[in-house]
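Contents: one structure, followed by commentary.
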Amino acid sequence: MEKGVCPIDTFINYVKGKRKATIILHLKQGTKRYSELVKLIPDVSDRMLSKNLKELEESGFIEKKIYPEVPPKVEYSLSDLGHEIHPVLIAMYRGGKLLEQEIK
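Position 41 of the sequence shown, counting from 1, maps to 43 under our numbering, and the rest follow consecutively.
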């Protein structure tokens with residue numbers, strides 16, 4: 003490990019954000035359209051959801067497929083990298099639940 007560089011920090015920097023991990027966890031269940039994600043994650047604004055989807059796509063965690071239809075149909079799915087990091091997010095989810103129980 004290089005001085006001052008920790009792979010854990012690198013990972014967290016890519017998945018932190020308003021519901022990025024939640025988006026990945028939902029996409030593990032299958033391809034979703036934007037409107038489906040809105041329903042699954044109601045506490046995030048349209049602007050923030052769009053921003054996070056774009057960042058996740060740019061980072062290579064998800065893929066976006068646009069169908070040439072009117073109105074446009076857009077679907078989001080996990081990339082190979084997104085599938086690879088899923089177990090790490092599940093471990094973080096379990097850790098969060100454990101901490102919530104301890105804090106109560």
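C-beta: ideal position from N, C-alpha, C; glycine also.
Under the three-state reduction of DSSP, Lys-67 is assigned to strand. Counting C-beta atoms within 10 angstroms of its own C-beta, Gly-84 has 16 or more neighbours from the protein chains shown and is therefore classed as buried. Taken atom to atom, the span from the alpha-carbon of Pro-70 to that of Val-76 is near 9 Å.
For Gln-31 and Gly-98, the gap between their C-alpha atoms comes out near 20 Å. In terms of CA proximity to Pro-44, Thr-24 leads the group Lys-56, Thr-24, Glu-57, Leu-58. The C-beta of Tyr-78 has 16 or more other C-beta atoms within 10 Å across all chains shown, which makes the residue buried. For Thr-33, the closest alpha carbon among the candidates Ile-64, Val-46, His-88, Val-90 is that of Ile-64. In this structure Lys-20 is in contact with Val-46, their Cβ atoms being roughly 6 Å apart against a cut-off of 8 Å.
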